[in-house]
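Which chain is which? The protein sequence lines are A and B, in order. Just so it is clear: in the first sequence, position 57 is 289 by the working numbering, and no numbers are missing. Just so it is clear: in the second sequence, position 179 is 411 by the working numbering, and no numbers are missing. Cβ atoms here follow ideal geometry from the backbone N, Cα and C, with glycine treated the same way. To start, the structure itself, in structure tokens.
Protein chains: 2
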Amino acid sequence: MVDYPIPKKKRPSRKKSPKRNRGMALEKLVDEANRFYLEQDRAVIHKKPTPIQTVHVDYPAREKAKITEAYYRKPSTTDYNGIYKGFYIDFDVKETNHKTSYALKNVHDHQIEHLRRVKDHGGLAFLIIHIKKEDAFFLLPFERIEPYLARAESGRKSMTFAEIAAEGFEIVEGYRPRLDYLKAVDSYLDNK
Amino acid sequence: MVDYPIPKKKRPSRKKSPKRNRGMALEKLVDEANRFYLEQDRAVIHKKPTPIQTVHVDYPAREKAKITEAYYRKPSTTDYNGIYKGFYIDFDVKETNHKTSYALKNVHDHQIEHLRRVKDHGGLAFLIIHIKKEDAFFLLPFERIEPYLARAESGRKSMTFAEIAAEGFEIVEGYRPRLDYLKAVDSYLDNK
Chain A
233 MVDYPIPKKK RPSRKKSPKR NRGMALEKLV DEANRFYLEQ DRAVIHKKPT
283 PIQTVHVDYP AREKAKITEA YYRKPSTTDY NGIYKGFYID FDVKETNHKT
333 SYALKNVHDH QIEHLRRVKD HGGLAFLIIH IKKEDAFFLL PFERIEPYLA
383 RAESGRKSMT FAEIAAEGFE IVEGYRPRLD YLKAVDSYLD NK
Chain B
233 MVDYPIPKKK RPSRKKSPKR NRGMALEKLV DEANRFYLEQ DRAVIHKKPT
283 PIQTVHVDYP AREKAKITEA YYRKPSTTDY NGIYKGFYID FDVKETNHKT
333 SYALKNVHDH QIEHLRRVKD HGGLAFLIIH IKKEDAFFLL PFERIEPYLA
383 RAESGRKSMT FAEIAAEGFE IVEGYRPRLD YLKAVDSYLD NK
């Protein structure tokens, strides 16, 4: 295909595109991508349900069971897992409104422990981080976060956006699915 | 070690052992095994929470959020997944009180569809079946169930216990964990 210049007014607006997903929560974008991957038979990745402790359930006659008292429980793993290209894949999604860095305290201990286990057992463990200020998305492999977790023990307790960009794989927005994060997983696999 | 005969009265009772788990639900045995595997760092396998649709949540001051109206949703996958020896592993557990066979209608369409996808993507997809009458447990790989699902289209709609024993890998009861099903996964991998 000839790569001739696109007339200026038809060029996709650089201003509009980075803001396209404003307001659409990252989880929704990932769920949409997962539905697409399932339809296209590219991967089998699901969000885990939120763990809930039920205390009281009513069983009204001829109606479905109604839970009348329940509480949220603390999850012990991450939100997403599944299989892609034969790999066990496991990740959590994070958003930040911060202007320059991502505070590592937002990656909870149980998530760190779980992701480390997955990595040690040969799975692909990572975070997907949405830097809202720049409307940029990065896949950040867990093993590349580990040195920063170690640094946080005695020093800086966050990763700068420059560090995230250097260690991670950018997820470029597309049309269908909008957040085609498996492309970033492919780059990660190529660089592993 | 010398393999001398154990005095008769000290031999583990063959009569007692097969009934040991009577009354303990299969899910509890699998959960116990998963906790043990996690502690021993042998595998990372978790039960997925039951999917629940919350309708009303109260947020009393200084107390934790209380869900006051919610309903069970239909799961779209199986109950268990995780990673073992680098493999993505995915399964459901089934119990039967039947005397001679297991009715395949108990494997729901969404489970069949999900397990088939997992198998096609290179994961280990199977059922763990507890035949209560014999207090026997079998790991039954999904690809070995498929011919019987095909048969059920026009013929017999169940698998006989003899067929399950022939196609599956028996899970022999142990001490810790009581249901050491990863041994059966090993046999399955050796025979794959």
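With 16 or more other Cβ atoms from the protein chains shown falling within 10 Å of its own Cβ, Glu395 of chain B counts as buried. Bridge partners of His278 of chain A according to DSSP: A:Asn313. The beta carbons of Ala397 of chain A and Phe374 of chain A sit no closer together than 7 angstroms. Residues of the same chain with a CB within less than 7 angstroms of the CB of Ala384 of chain A, apart from the 5 flanking positions on each side, are Leu336 in chain order.
Contact annotation for Ile315 of chain A against chain B: Tyr320, Asp322, Val350, His353, Gly354, Gly355 [CB-CB distance below 8 angstroms, chain order].
For His278 of chain A, the closest C-alpha among the options B:Arg376, B:Ala368, B:Asp311 is that of B:Asp311.
Between Lys280 of chain B and Lys331 of chain A, the gap from beta carbon to beta carbon reaches 7 angstroms or more. Cβ-Cβ distances below 8 angstroms link Ile403 of chain A to Ile360, Phe369, Phe370, Leu371, Leu411, Asp412, Tyr413, Lys415, Ala416 in the same chain, with the five nearest sequence neighbours on each side left out; the list follows chain order. For the pair Glu259 of chain A and Ile363 of chain A, the Cα-to-Cα distance works out to about 14 angstroms. Within 7 angstroms of the CB of His340 of chain B, no CB atom of chain A is found; the nearest one sits about 16 angstroms away.
Residues of the same chain with a CB within less than 8 angstroms of the CB of Lys389 of chain B, apart from the 5 flanking positions on each side, are Ala335, Leu336, Lys337 in chain order.
When DSSP reads this structure, Pro373 of chain B sits in a beta bridge with B:Phe358. Ile360 of chain A has a beta carbon lying at 7 angstroms or more from every beta carbon in chain B.
Annotation: Asn423 of chain A to Val262 of chain A spans about 23 angstroms, alpha carbon to alpha carbon. For the options A:Glu271, A:Asp290, A:Glu327, A:Gly314, the alpha carbon positioned closest to that of Phe393 of chain A is the one of A:Glu327.
Assignment of Ser333 of chain B by DSSP, reduced to helix, strand and coil, places it in the strand class. When DSSP reads this structure, Ala368 of chain A sits in a beta bridge with A:Ile363. Pairing Asp322 of chain B with Asn313 of chain B gives a Cβ-Cβ distance under 7 angstroms. The beta carbon of Tyr269 of chain B sits closer than 7 angstroms to those of Ala275, Ile277, Leu414, all from its chain and outside the five residues before and after it, given in chain order. At a Cβ-Cβ threshold of 7 angstroms, Phe401 of chain B and Tyr380 of chain B do not count as neighbours.
Relative to Gln285 of chain A, the option among A:Ala293, A:Glu271, A:Arg294, A:Thr300 whose CA is nearest is A:Thr300. Contacts with chain B at 7 angstroms (Cβ-Cβ) do not include Ile344 of chain A. Judged by DSSP secondary structure, Ala257 of chain B falls outside any beta strand (DSSP E); it is assigned neither H nor E. Identification of chain B residues near Ala265 of chain A by a Cβ-Cβ cut-off of 9 angstroms yields none; the smallest Cβ-Cβ distance measures about 16 angstroms. Restricting attention to A:Glu378, A:Gly406, A:Pro283, A:Glu295, the CA atom closest to the CA of Ile344 of chain A is found in A:Glu378. In the three-state reduction of the DSSP assignment, Lys306 of chain B falls in the coil class, being assigned neither a helical nor a strand state. Excluding the 5 residues flanking it on each side, His342 of chain B has same chain C-beta neighbours closer than 6 angstroms at Ser308, in chain order. If you compare the alpha carbons of A:Ser333, A:Met391, A:Tyr320, A:Gly387 with that of Arg376 of chain A, the shortest gap goes to A:Met391. Proximity of chain A to Tyr304 of chain B at the Cβ level (cut-off 8 angstroms) is accounted for by Lys296, Ala297, Ile299, in chain order.
In terms of beta-carbon proximity, Ile377 of chain B stays away from the interface with chain A, with every pair separated by 7 angstroms or more. Nearest CB-CB separation between Val287 of chain A and chain B: not below the 7 angstroms threshold. Interface annotation for the region 267 to 283 of chain A against chain B: Leu270, Asp273, Ala275, Val276, His278, Lys280, Pro281, Thr282, Pro283, criterion Cβ-Cβ distance under 8 angstroms.
For the region 390 to 412 of chain A, the set of positions with a beta-carbon nearer than 8 angstroms to some beta-carbon of chain B is empty. Minimum Cα-Cα distance from His353 of chain A among the listed residues B:Gly406, B:Ala382, B:Ile315 corresponds to B:Ile315. Residue-level contact by beta carbon fails for Thr310 of chain A and chain B, as no gap is shorter than 7 angstroms. Per DSSP, the continuous beta strand (DSSP E) segment holding Glu327 of chain B begins and ends at 319 to 328.
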